[in-house]
Structure formats: structure tokens, C-alpha cells
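According to our numbering, the sequence shown holds residues 1 to 427 in order.
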Amino acid sequence: MNNQRKILYIEDDPSSRALVERTLQFAGYHVLVAERGLEGIDLARREQPDLILTDINLPDLSGREITTRLRADARFKNTPIVALTAQGYGEFREMALAVGISGYMTKPVDVEVLPREIEAYLSGKQEHLDKERTAEIQVVVMQDMVRQLEDNMRKLEENNRELQRMDKVKEAFIQKTAHELRTPLAVVFGYSRMLEEITNRESFQDENLKMMMKMLIDAIQRLHGTINEVITASRIMTRQIDLSIGTANLQNIVHRASNFYEGALAERHLTLHTPNTGWPASMRADAELLYTAIQHLLSNAIKYTPDTGHIYINVSTDTGSGKVRLSVRDTGIGLSKADLETVFEKFHSGGAHETHSSSKTAYKGGGLGLGLTIVRGIVEAHGGRIWVDSPGYDEQQCPGSEFFIELPLVSVPITRKRVYVPPGNNA
């Protein structure tokens, strides 16, 4: 009796996998199966089978590579590793034995012989090469592995070059499209403003048309904001962003961003709390880009905080380290552990898309999912860092989230410098 000894079978062919699995299960073994070499190695490390049966030719790793990795682990030093393959003769067999494979069984599988062979290997059967031949084959194996590594490196380099080329084409298309949309949009916006002035005259009595004009202009402004968002995000994704460094007043920047959302805060009955102390007297930064970053942080807090909630801005300045830290905390729905890890990635959007409103300031409102990606790019371009804390996601308890940005008081001591922005991982 084998007392349910564990056999791991690594095979990418479904029919072969099913046949061996059924044959060994019928013989009383507990069979684990894996379709890929890396999957098999992970399963072996977790389950520590009594014997490993592997095909030599797998899509990701060869049986020899699997054996080499497992033999490097002391737990598998004496575990039988048997190759089941049609390549059972000549140099293929010798190369496999030289790297530590215990023996060979050939395909097609003989269902009567297979259980007996497995039991023999479990009982200590081991095929051998003489020492001199083993040394010769190991040199061949090493040369083969070096060639494979070189081939893989070349393929990776080629794929990376192609991905970079495609990325440049994609970003160029996005930027060109966004810029092309700006021109007709500016014309539409101009005429809409002219029509709005007419409808706002005291002599104009059609209230429905007034309301329609307001809705039209609001929609145009949202579209204009979206285009600007795409252009800014595209600049960040291409890893370059222009900084116009000058003297910046962070308190004024935050107050300006707060005033921008004054109407939305009032409409949603949200209370924004800003401190009177802790602000730096001045700092060297790109004031417009910082304004954009603060706008996105406030928009995110407004979007995910239910009506009548609170948003707190906190700030502290450490002149000793030359840094200022600002946070935006809300009493909103919070972030799950998974979202904490991905919230700064482009196109990330909290919650289900189908439940989102089209308004960016409505509760759980819509958006492209680029806001926090843009914030991260701007902060990192200034040599700062950004992170987020949240106890968890709960739409009833609303544990809230707090986004932190830390910036140097002197970002770049020159005006108009092109700065490398690492690719960021949004709202």
C-alpha cells in the first residue's frame, strides 16, 4: 500500500495529463497536477510531493530547468523527479540525468507499467551516468542554458523596444487628438458664451432656454476639463512634464482650489476645514501644477464623501528638513486594501462604473480615473512623495481616507526645467 503518497504531475497536454492522473489515482496515489513549469514548482514547494513526474517540453520551462531549480532547494535533494516524455533516448536522456532527473519513462503511457515504475522510483530506483560522462554532459547543459538565456534576453530587448515604440505612438495619438478637439471646442464655447449673454438680459423671458444654455456651458466646461486632464496625464505617462518653478504660496493655492469647489461643497452640504497655521511662508514650486494637484485631491474627497460629510485639510512645515506635508482627509466610504495598492494607477476608479454619476462632484461621481495619477506625477516631478491611508471600505460606516503629499520647500532652483517623472501607479 502506498498510503496515499503524493505524486505531482507537470504536463501541458490535457489528454496526457488526464490519462496519467486517472491511472495513478486508480492505483491509490494522491495526484497533484500543474499545467506549467512555474506552476508546478510553486505547487511542489507548497505540497512537497513524494515524487515529481514532469514532461521535458513545457511552454515556460523545460523539465531540466524545473529539476535544476528544485534540486537547488534542500527539501527536494532526494525527491524522485522522473521525466515522462517521448524524448527518452540519446543526448536528451543524458542531459536530463546530468541535471538530477532520477529517470525516464517514455510516452505513450502504458497504464499497466506506469504504477509499477512509480513505485520503483519511490522505492529508490535511480538511473545513473558515469562520472566522466556526467561532467561532459553538464558542460553541454550549461552551454545550452547560456544560449537560452542569451536568446531570452534578446527577445526581451526586442519586445521592450517594440513596446516603447507602440507607447510613443499611442501617447502621440492621444495628445494630437486632444489638441485637435480643443480648437472646435473653443469655437463652440465662444458662441455659447455669446448666446448666454443674450439669454441673461432682463428682456429675455424664456427661462427654459436660459436653463438649457447653462447646462450646455457646464457640459462644454466639463469636456474642456477632461481634455486638459488627458493632455496632462499623457505628459506624465510619457515620463516628462514641464515645471515652471517660481515662488509659490501654498496657502493661497489651497484657498484658490477650495474656492473652485465652493458651489459643489454647498450643493452637497459638505464642510471643508482648512487650518490657519502650519503653512510655509513660501516655497519654490510650480504654482499652477500644485493647484491642479490640490484640485484633484479635493475632487476625489468630494466625490467619495456622502452629503453632509466633512473634508479636512491639514498642513505642517518642517524647516529643518526643508519639507512641507499636506493631507486631505474625508469622512467618505474609504478604500479597500486592494484599492490602497492600485489607487494611483491610471484609469483606476472606485466602485462599480455603472453606479457612477456623470458629474465629477456628485457622490460617487464619474471621471476618467486619471486624477490621482496626475497628482502623483506632479508631486514626484517636484521631488516629493504621495501616499494614502484608509481603515477600509464601508459605504455605511464611512471610515474615510487620508491622502498625504510631502514636498520639498525648494523643488528645483531654476525656472522651466524638463524633469523626468517615473511611471506612476487614481480617482
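Glycine included, each C-beta is placed from N, C-alpha and C at the ideal position.
For residue i, which of the options has the nearest alpha-carbon?
{"i": "Thr292", "options": "Thr67, His255, Gly334 and Leu58", "result": "His255"}
{"i": "Gln175", "options": "Asn228, Asp206, Asn252 and Lys125", "result": "Asn228"}
{"i": "Lys131", "options": "Val146, Ser123, Leu97 and Glu150", "result": "Leu97"}
{"i": "Asp318", "options": "Asp307, Phe173, Ala287 and Ala281", "result": "Ala281"}
{"i": "Val230", "options": "Arg268, His179, Tyr261 and Ala120", "result": "His179"}
{"i": "Glu47", "options": "Gln25, Ala27, Ser16 and Leu8", "result": "Leu8"}
{"i": "Arg284", "options": "Ala74, Ser411 and Val388", "result": "Ser411"}
{"i": "Gly263", "options": "Gly103, Ile81, Thr361 and Ala74", "result": "Thr361"}
{"i": "Ser390", "options": "Leu250, Gly400, Leu32 and Asn200", "result": "Gly400"}
{"i": "Gly124", "options": "Gln143, Ile81 and Ile198", "result": "Ile81"}
{"i": "Leu265", "options": "Asp206, Tyr363 and Gly103", "result": "Tyr363"}
{"i": "Pro184", "options": "His224, Asp73 and Ile386", "result": "His224"}
{"i": "His128", "options": "Gly384, Glu119, Ser102 and Ala120", "result": "Ser102"}
{"i": "Thr226", "options": "Arg193, Thr177 and Met213", "result": "Thr177"}
{"i": "Gly384", "options": "Lys323, Asn200 and Gly365", "result": "Lys323"}
{"i": "Asn78", "options": "Gly40, Tyr121 and Glu267", "result": "Tyr121"}
Take the Cβ of residue i as the centre, count every other Cβ of all protein chains shown within 10 Å, and call the residue buried at 16 or more, exposed below.
{"i": "Asp42", "result": "exposed"}
{"i": "Lys303", "result": "buried"}
{"i": "Gln295", "result": "buried"}
{"i": "Asn300", "result": "buried"}
{"i": "Ala186", "result": "exposed"}
{"i": "Tyr191", "result": "exposed"}
{"i": "Ile245", "result": "buried"}
{"i": "Arg376", "result": "buried"}
{"i": "Leu407", "result": "buried"}
{"i": "Ser321", "result": "exposed"}
{"i": "Val257", "result": "Correcting the residue type first, residue 257 is Ala in the shown sequence and not Val. Counting Cβ neighbours within 10 Å, Ala257 comes out buried, since at least 16 surround it."}
{"i": "Leu243", "result": "buried"}
{"i": "Ala74", "result": "exposed"}
{"i": "Ile198", "result": "exposed"}
{"i": "Thr247", "result": "exposed"}
Which whole-angstrom value describes the C-beta separation of residue i and residue j, a residue pair presumed to lie in contact below a C-beta threshold of 8 Å?
{"i": "Ile333", "j": "Cys398", "result": "6 Å"}
{"i": "Leu84", "j": "Phe76", "result": "Not confirmed; about 18 Å, so no contact."}
{"i": "Thr23", "j": "Pro115", "result": "7 Å"}
{"i": "Thr308", "j": "His269", "result": "5 Å"}
{"i": "Leu32", "j": "Pro49", "result": "6 Å"}
{"i": "Arg64", "j": "Met105", "result": "About 16 Å; that fails the 8 Å criterion."}
Going straight from the alpha carbon of residue i to that of residue j, what length do you get?
{"i": "Thr232", "j": "Ile374", "result": "7 Å"}
{"i": "Asn276", "j": "Leu289", "result": "23 Å"}
{"i": "Val459", "j": "Glu117", "result": "As displayed, the chain neither begins before 1 nor continues past 427, which places residue 459 out of reach and without an answer."}
{"i": "Ala135", "j": "Gly100", "result": "12 Å"}
{"i": "Val343", "j": "Trp279", "result": "27 Å"}
{"i": "Asp394", "j": "Tyr29", "result": "47 Å"}
{"i": "Lys6", "j": "Ile52", "result": "9 Å"}
{"i": "Glu196", "j": "Met211", "result": "10 Å"}
{"i": "Asn57", "j": "Lys337", "result": "39 Å"}
{"i": "Arg325", "j": "Val379", "result": "11 Å"}
{"i": "Val20", "j": "Gln148", "result": "30 Å"}
{"i": "Leu297", "j": "Asp330", "result": "10 Å"}
{"i": "Phe403", "j": "Leu335", "result": "11 Å"}
{"i": "Ala219", "j": "Val328", "result": "27 Å"}
{"i": "Gly424", "j": "Arg235", "result": "Residue placement at Gly424 is flagged as unreliable, the pLDDT there being 39, under the threshold of 50; the coordinate-derived value follows with that caveat. When rounded, the distance between both Cα atoms is 12 Å."}
{"i": "Glu150", "j": "Glu341", "result": "34 Å"}
{"i": "Val169", "j": "Arg161", "result": "12 Å"}
{"i": "Leu372", "j": "Arg45", "result": "39 Å"}
{"i": "Val146", "j": "Val139", "result": "11 Å"}
{"i": "Phe189", "j": "Leu181", "result": "12 Å"}
{"i": "Tyr261", "j": "Leu370", "result": "19 Å"}
{"i": "Leu409", "j": "Asn259", "result": "24 Å"}
{"i": "Ala287", "j": "Leu250", "result": "8 Å"}
{"i": "Ile241", "j": "Ile405", "result": "18 Å"}
{"i": "Arg222", "j": "Met215", "result": "11 Å"}
{"i": "Arg17", "j": "Glu345", "result": "39 Å"}
{"i": "Met153", "j": "Asp167", "result": "21 Å"}
{"i": "Phe204", "j": "Ile253", "result": "38 Å"}
{"i": "Glu157", "j": "Phe26", "result": "48 Å"}
{"i": "Ala144", "j": "Ala172", "result": "Note on identity: in this sequence residue 144 is Asp, with Ala being the wrong assignment. Looking at the two C-alpha atoms, the distance is approximately 42 Å."}
{"i": "Glu207", "j": "Asp339", "result": "45 Å"}
{"i": "Ser316", "j": "Leu209", "result": "49 Å"}
{"i": "Met194", "j": "Glu202", "result": "15 Å"}
{"i": "Glu119", "j": "Met142", "result": "32 Å"}
{"i": "Asp55", "j": "Gln4", "result": "23 Å"}
{"i": "His462", "j": "Gly365", "result": "This structure cannot speak to residue 462, because the chain is shown only from 1 to 427."}
{"i": "Ala501", "j": "Gly392", "result": "Only positions 1 to 427 of the chain appear in the structure, and residue 501 is not among them; the question remains open."}
{"i": "Asn159", "j": "Pro59", "result": "18 Å"}
Is any beta-carbon of chain B found at less than 8 Å from that of residue i?
{"i": "Ile313", "result": "Note that chain B does not occur in the displayed structure, where there is just one protein chain."}
| said: Under 8 Å: do the segment 29-41 and the segment 8-15 share three or more Cβ pairs, one atom per stretch? | reply: Judged by Cβ distances under 8 Å, the segment 29-41 makes contact with the segment 8-15, as three or more pairs qualify.
| query | Three or more beta-carbon pairs under 8 Å between the segment 263-275 and the segment 305-323, yes or no? | reply | As far as the Cβ criterion goes, the segment 263-275 touches the segment 305-323, which means the pair count is three or higher.
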